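Student: Here it is: the structure, laid out below.
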Amino acid sequence: MVYDKLIIDADAQGVIVKEKPLEAHDGRIKGNKIAIRASIPTRREKACVLAEELGHYFYTSGDIIDQSSTRNRKQELLARVKAYNHMVGLTGIIRSYEHGCRSLYEMAEYLEVTETFLADALEAYRLKYGEGAAIDNYYIAFEPYLSIVKMI
Amino acid sequence: MLELYKNIKARRLELGMSQEELAKKVGYSSRSMIAKIEAGSIDLYQSKIKEIASALNITPEELMGWKDYFDGKDGKGATSLERFRNSLFYKNGLQYKMSFNGYWTMLNGIYDEFKETDININSEQLYKFVLGNEVIYVKESDLFSAHEMIESFTKTIIKNFSAHVDTKTEVALLNAAHERTDIEVTDEMRKHDDDIMDDENF
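Protein chains in written order, with our numbering: chain A, 1 to 152; chain B, 153 to 354.
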């Protein structure tokens, strides 16, 4: 499972990850302590939350709770994009294509992420790459809808 | 091109003076004359050199490049931080005066160099750092001796530097949250989560 792997990786980096009875948040990070809401129903969802918190640990700094400041919102966005790259990534899209996934559901299933997370990731990539992006001998088009072309 | 023209420009920039200001001081109606002079396309006669020199608070000899005010350790090629430092040990005994604008320009130069080092500092910090947290208001027309000023500022820099480095390590602790979107979140619930995060036996 991706979730276990993330926890092991985090542990190796000296990050304490625990499941806690959080009420208002899916995930929280303070210093090197990460708390994941214990009542999240699936491990897959927990993995997505943890990936984002790790994005914070590795790429952001300071107190960014107050999302009314632009600086903090940028950092939040950065952490999310890093999580998308870790969990999905352009290569993930290609892998799922090669695996034979035919829908968003199958893709999420294969990548072991939630459908919402995958949709958010694809939206983030669409915002970043626009019409599409070429990677190796594949072309991923994000508009008008997700399609992958393998160039031979 | 003669040293003279380069020196006029260098000294003017050092003082943070605009071409317009200099033109006014030496009795030209517009800045275009100064621009032409600095470009070296106009020959200056002796009395005008004197006038420009006095407007720039420098002796004509230095302006002509006969005495090396601009050369050597103190001059070209040196970074403004070096220049700032070297000016302290300037042995000629030349007491040149510098306007507040000139000092400000120099300060900005130092700030630019700070940016290239790993010391994080913003202009406001540097300003405070140099002035020792005292806000000093100086009228633009006030001129003071650069030596006295730089000496006292340097002392303040050295005094404040260690303090600055110490406070630098106090970076705010990473603190971020991924709030739930499936339910309405209240402040009470947030407080509850904060307590969990602050718990010593996390």
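A virtual CB, placed ideally from N, CA and C, is assigned to each residue, including glycine. This structure is a prediction, so every number in the text was calculated from the model and none was measured.
(1) Taking only beta carbons into account, state which residues of the segment 54-65 of chain A come closer than 8 Å to chain B, listed in chain order.
(2) List the residues of chain B that alanine 35 of chain A touches, going by C-beta distances under 9 Å, in chain order.
(3) I'd like to check one pair, isoleucine 34 of chain A with alanine 328 of chain B: are the Cβ atoms closer than 7 Å?
(4) Within the continuous beta strand (DSSP E) that includes glutamate 172 of chain B, where are the two ends?
(5) Note down the Cα distance separating lysine 320 of chain B from glutamate 352 of chain B, rounded to an integer number of angstroms.
(6) Go through its chain and collect everything with a Cβ distance to asparagine 72 of chain A's Cβ below 7 Å, but skip five positions before and after it.
(7) Valine 17 of chain A by DSSP, collapsed to three states: which one?
(8) Any beta carbon of chain A sitting closer than 7 Å to that of valine 178 of chain B?
(9) Looking at C-alpha atoms only, which residue of A:Thr60, A:Ser147, A:Lys128 and A:Gly27 is the closest neighbour of alanine 324 of chain B?
(10) Glutamate 23 of chain A: which of A:Val17, A:Ala38 and A:Ala10 sits nearest, CA to CA?
(11) Restricting to runs no shorter than 4 residues, where is the alpha helix (DSSP H) found entirely within the segment 7-95 of chain A?
(12) Please classify methionine 164 of chain B: is it buried, with 16 or more other beta-carbons within 10 angstroms of its beta-carbon, or exposed?
(13) Using a Cβ-Cβ distance under 7 Å, would leucine 326 of chain B count as near chain A?
(14) Using only alpha-carbon positions, find the residue among A:Arg28, A:Pro41 and A:Tyr57 that is nearest to aspartate 9 of chain A.
(15) Between the alpha carbons of glutamate 340 of chain B and threonine 333 of chain B, how many angstroms are there, rounded?
(16) At which residues does the beta strand (DSSP E) containing isoleucine 135 of chain A begin and terminate?
(17) Any chance the segment 79-87 of chain A sits against the segment 118-135 of chain A, with 3 or more Cβ pairs inside 8 Å?
(18) Tell me whether glutamine 75 of chain A is buried or exposed, calling it buried when 16 or more other Cβ atoms sit within 10 Å of its Cβ.
(19) Flag glutamate 23 of chain A as yes if its beta-carbon sits less than 7 Å from any beta-carbon of chain B, otherwise no.
(20) Per DSSP, which one or two residues make a beta bridge with glutamate 331 of chain B?
(21) Looking at chain B, which residues of the segment 92-122 of chain A have a Cβ within less than 8 Å of any of its Cβ atoms?
(22) Can you list, in chain order, the residues of its chain with a C-beta nearer than 8 Å to that of serine 96 of chain A? Leave out the 5 residues immediately preceding and following it.
(23) Does DSSP classify isoleucine 140 of chain A as helix, strand or coil?
(24) So what's isoleucine 204 of chain B in DSSP terms, helix, strand or just coil?
(25) Please check the pair arginine 44 of chain A and valine 113 of chain A, which I expect to be a contact at CB under 8 Å, by giving their CB distance rounded to whole angstroms.
(26) Beta-carbon within less than 7 Å of histidine 25 of chain A's beta-carbon, same chain only, minus the 5 sequence neighbours each way: which residues are those?
(27) Distance, Cα to Cα, alanine 47 of chain A vs valine 2 of chain A?
(28) Using a cut-off of 8 Å between C-beta atoms, extract the partners of lysine 74 of chain A located in chain B.
(29) What number of angstroms, rounded off, separates the C-alpha of glutamate 173 of chain B from the C-alpha of arginine 183 of chain B?
(30) When you compare only the Cα positions, how much space is there between glycine 62 of chain A and isoleucine 29 of chain A?
Tutor: Reading from the atomic positions:
(1) His56, Tyr57, Thr60, Ser61, Gly62, Asp63, Ile64 and Ile65
(2) What you label residue 35 of chain A is simply residue 35 of the first sequence in a count that begins at 1. Within chain B, the residues near alanine 35 of chain A are Asp345, Ile348, Met349 and Phe354.
(3) Here residue 328 of chain B refers to the residue found at position 176 of the second sequence. Here residue 34 of chain A refers to the residue found at position 34 of the first sequence. In this structure, isoleucine 34 of chain A does not lie closer than 7 Å to alanine 328 of chain B by Cβ.
(4) Here residue 172 of chain B is taken as the residue at index 20 of the second sequence, counted from 1. Taken as a continuous stretch (DSSP letters only), glutamate 172 of chain B belongs to no beta strand (DSSP E), being part of the alpha helix (DSSP H) at 171-177.
(5) Taking the second sequence and counting its residues from 1, the one referred to as residue 320 of chain B is at position 168. Taking the second sequence and counting its residues from 1, the one referred to as residue 352 of chain B is at position 200. Bear in mind that a pLDDT of 45 at lysine 320 of chain B, under 50, signals an unreliable position, so the model cannot answer this.
(6) Here the question's residue 72 of chain A lines up with position 72 in the first sequence. The answer, listed in chain order, is Ile64 and Asp66.
(7) Residue numbering aside, residue 17 of chain A sits at position 17 when the first sequence is read from its first letter. It is a strand residue.
(8) Counted from its first residue, the second sequence places residue 178 of chain B at position 26. For valine 178 of chain B, the answer is no, since every Cβ of chain A falls outside 7 Å of its Cβ.
(9) Sequence index remark: in the second sequence, residue 324 of chain B carries index 172 (1-based). The shortest C-alpha separation from alanine 324 of chain B is found at A:Thr60.
(10) On the first sequence, residue 23 of chain A is found 23 positions in, with the first residue counted as 1. Among A:Val17, A:Ala38 and A:Ala10, the Cα nearest to that of glutamate 23 of chain A is on A:Ala38.
(11) 43-59 and 70-87
(12) As a first step, residue 164 of chain B is located in the second sequence; it is residue number 12 there, counting from the start. Checking the sequence shown, residue 164 of chain B turns out to be arginine, not methionine. Label assigned to arginine 164 of chain B: buried.
(13) Numbered from 1 along the second sequence, position 174 holds the residue referred to as residue 326 of chain B. Leucine 326 of chain B counts as touching chain A.
(14) In the first sequence, residue 9 of chain A corresponds to position 9, counting from 1. Of the candidates A:Arg28, A:Pro41 and A:Tyr57, the one whose C-alpha sits nearest the C-alpha of aspartate 9 of chain A is A:Tyr57.
(15) The count along the second sequence starts at 1 and reaches residue 340 of chain B at position 188. The count along the second sequence starts at 1 and reaches residue 333 of chain B at position 181. Spanning the two alpha carbons is a distance of roughly 16 Å.
(16) Residue numbering aside, residue 135 of chain A sits at position 135 when the first sequence is read from its first letter. Taken as a continuous stretch (DSSP letters only), the beta strand (DSSP E) holding isoleucine 135 of chain A covers 132-135.
(17) Contact between the segment 79-87 of chain A and the segment 118-135 of chain A is present, because at least three Cβ pairs lie under 8 Å.
(18) For the purposes of this step, residue 75 of chain A is identified with residue 75 of the first sequence, where counting begins at 1. With 16 or more other Cβ atoms within 10 Å, it is buried.
(19) As a working note, residue 23 of chain A is residue 23 in the first sequence. By this cut-off, glutamate 23 of chain A is an interface position.
(20) One-based indexing of the second sequence puts residue 331 of chain B at position 179. DSSP, once it has assigned bridges, lists A:His25 as partnering glutamate 331 of chain B.
(21) none
(22) Residue mapping note: residue 96 of chain A aligns to position 96 of the first sequence, counting from 1. Excluding positions up to five away in sequence, the list reads Glu106, Met107, Tyr110 and Leu111.
(23) Indexing the first sequence from 1 puts residue 140 of chain A at position 140. In this structure, isoleucine 140 of chain A counts as strand in the three-state DSSP scheme.
(24) Residue numbering aside, residue 204 of chain B sits at position 52 when the second sequence is read from its first letter. Residue state, collapsed to three classes: helix.
(25) To locate residue 44 of chain A, count along the first sequence from 1; it is residue 44. To locate residue 113 of chain A, count along the first sequence from 1; it is residue 113. Correct: roughly 7 Å between the Cβ atoms.
(26) On the first sequence, residue 25 of chain A is found 25 positions in, with the first residue counted as 1. For histidine 25 of chain A, where only same-chain residues beyond five positions count, the Cβ hits under 7 Å are Arg37.
(27) On the first sequence, position 47 is the one that residue 47 of chain A refers to. On the first sequence, position 2 is the one that residue 2 of chain A refers to. Using only the alpha carbons, I get a separation of about 7 Å.
(28) Position 74 of the first sequence, counted from the first residue, corresponds to residue 74 of chain A. Correct list: empty, because the minimum Cβ distance to chain B is about 12 Å.
(29) Counting from one through the second sequence, the residue named residue 173 of chain B turns up at place 21. Counting from one through the second sequence, the residue named residue 183 of chain B turns up at place 31. For glutamate 173 of chain B and arginine 183 of chain B, the distance between alpha carbons rounds to 8 Å.
(30) Numbered from its first residue, the first sequence carries residue 62 of chain A at position 62. Numbered from its first residue, the first sequence carries residue 29 of chain A at position 29. Spanning the two alpha carbons is a distance of roughly 11 Å.
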